[in-house]
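Novice:
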Amino acid sequence: MGEIKVSPDYNWFRSTVPLKKIIVDDDDSKVWSLYDAGPRSIRCPLIFLPPVSGTADVFFQQILALTGWGYRVITLQYPVYWDHLEFCDGFRKLLDHLQLDKVHLFGASLGGFLAQKFAEYTHKSPRVQSLILCNAFSDTSIFNQTWTANSFWLMPAFMLKKIVLGNFASGPLDPEMADGIDFMVDRLESLGQSELASRLTLNCQNSYVEPHKIRDIPVTIMDVFDQSALSTEAKEEMYKLYPNARRAHLKTGGNFPYLCRSAEVNLYIQIHLLQFHGTRYAAIDPSMVSAEELEVQKISLHTSSEQEEQ
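Okay, structure coming up:
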């Protein structure tokens, strides 16, 4: 269905990058699924956390592009966790298992919220070197569903899918965005009732980010100007929370810009990670960083900053 439409590279990706399954909790039903691609010598990789409807492969275009440029990239699919503390504890155990002390996190929607909560959870012994927050939010009350959060586990899968699909864009869309939505619908169909119920619970149970605990972490806020599930108020709240954050605005891209505007998203990711090149927190193999590439990225960074000011 959506797989081939989104990109002919998808099937090649699935056949060349192995999916790993890792258990780090005492409960062996809690399985993390992940793709780990790029040079293993990199000790501070970029880890992608998907939205409610997403699986580890929704970031396949980021894996293909970024590993081609020498970055180490890990994309995840969460086990079933029912509260943020439980998720953060499991994620910390996963990083320990992978022997990663520090990581950069790219979180999309729910993934962005969980990335912030994890940075907050580990603030006394920091594990998060930087954050890229894509269509993310800082307070679950924006969804006005905190009162139903505790009942998602009772609902059948078709009802949960209907709730998620209600946030997908409808109406006329350009082909790339339509293909991106098809792909995400396909991924949504692959999720079981408990996976969906737990993610919606994490998305809606009463919680917010405590910015004073993570104010020293470099942040890029990535969002879109067209229709997405995120309200203008939620975006403004993110800007207030992170006044020093870099902003990566995409004119279009909807809920899933990493699928339908992958070239722009990948450029913004590189610009964000540029500040760590040449340090122990670089997510890229040093031998892959040419002077010319750095210059091109600096020009791109300068251009995007100028556009932001206009």
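Heads up: take any position in the sequence shown, counting from 1, add 2, and you land on our numbering. Glycine included, C-beta positions come from ideal geometry on N, C-alpha and C.
1. Please report the Cβ distance between residue 315 and residue 200, rounded to the nearest whole angstrom; I am assuming they are in contact, meaning their Cβ atoms lie under 8 angstroms.
2. Can you give me the C-alpha to C-alpha distance between residue 18 and residue 48, rounded to a whole angstrom?
3. Hey, residue 151 and residue 114: beta-carbon distance below 8 angstroms or not?
4. Is DSSP giving residue 279 helix, strand or coil here?
5. Give me, in chain order, the residues of the same chain whose beta-carbon lies closer than 6 angstroms to that of residue 2; leave out the 5 immediate sequence neighbours on both sides.
6. My output table needs one value for residue 247: the three-state DSSP class, helix, strand or coil.
7. With a floor of 3 residues, list each beta strand (DSSP E) that falls wholly inside the region 28–64, ordered by position along the chain.
8. Take the Cβ of residue 208 as the centre, count every other Cβ of all protein chains shown within 10 Å, and call the residue buried at 16 or more, exposed below.
9. Please state whether the Cβ-Cβ distance between residue 240 and residue 135 is less than 8 angstroms.
10. Please work out which residues of its chain come closer than 8 angstroms, Cβ to Cβ, to residue 256, disregarding the five sequence neighbours upstream and downstream, and give them in chain order.
11. With a cut-off of 8 angstroms on the beta carbons, I'd call residue 203 and residue 154 a contact; round off their distance for me.
12. Counting along the chain, where does the beta strand (DSSP E) carrying residue 134 start and finish?
13. Find the nearest neighbour of residue 248 within the set 104, 40, 277 and 29, judged by alpha-carbon distance.
14. Check the C-beta distance from residue 258 over to residue 186 and give it rounded, since I have them as a contact under 8 angstroms.
15. Can you pull the DSSP bridge partners for residue 183?
16. So which of 31, 111, 120 and 112 has the shortest CA-CA distance to residue 97?
Specialist: Taking the definition as stated:
1. Because the chain in this structure spans residues 3 to 312, residue 315 falls outside the shown range and cannot be described.
2. Looking up residue 18 in the sequence shown gives position 16. Looking up residue 48 in the sequence shown gives position 46. In a straight line, the C-alpha of residue 18 is about 19 angstroms away from that of residue 48.
3. Walking along the sequence shown from the start, residue 151 turns up at place 149. Walking along the sequence shown from the start, residue 114 turns up at place 112. Contact flag unset, no.
4. As a position in the sequence shown, residue 279 is number 277, starting the count at 1. Of the three classes helix, strand and coil, the one that applies to residue 279 here is coil, per DSSP.
5. Because the chain is modelled from 3 through 312, residue 2 falls outside the range shown and cannot be assessed.
6. Numbered from 1 along the sequence shown, position 245 holds the residue referred to as residue 247. Residue state, collapsed to three classes: coil.
7. 33–39 and 48–51
8. For this step, residue 208 is matched to residue 206 along the sequence shown. Flag for residue 208 reads exposed.
9. In the sequence shown, residue 240 corresponds to position 238, counting from 1. In the sequence shown, residue 135 corresponds to position 133, counting from 1. Contact flag set, yes.
10. The residue given as residue 256 occupies position 254 in the sequence shown. If we look at residue 256 and ignore the five residues flanking it on each side, its Cβ neighbours are 171, 175, 179, 182, 183, 226, 228, 229, 230 and 262.
11. Walking along the sequence shown from the start, residue 203 turns up at place 201. Walking along the sequence shown from the start, residue 154 turns up at place 152. The pair is a contact, with the Cβ atoms about 5 angstroms apart (cut-off 8 angstroms).
12. Indexing the sequence shown from 1 puts residue 134 at position 132. Counting along the chain, the beta strand (DSSP E) containing residue 134 begins and ends at 130–136.
13. If you number the sequence shown from 1, residue 248 lands on position 246. With distances taken between Cα atoms, residue 248 lies closest to 277.
14. The residue given as residue 258 occupies position 256 in the sequence shown. The residue given as residue 186 occupies position 184 in the sequence shown. 6 angstroms between Cβ atoms; contact.
15. As a working mapping, residue 183 is identified with position 181 in the sequence shown. In the DSSP output, where bridge partners are listed per residue, residue 183 has none listed.
16. If you number the sequence shown from 1, residue 97 lands on position 95. Ranking the options by Cα distance to residue 97, first place goes to 120.
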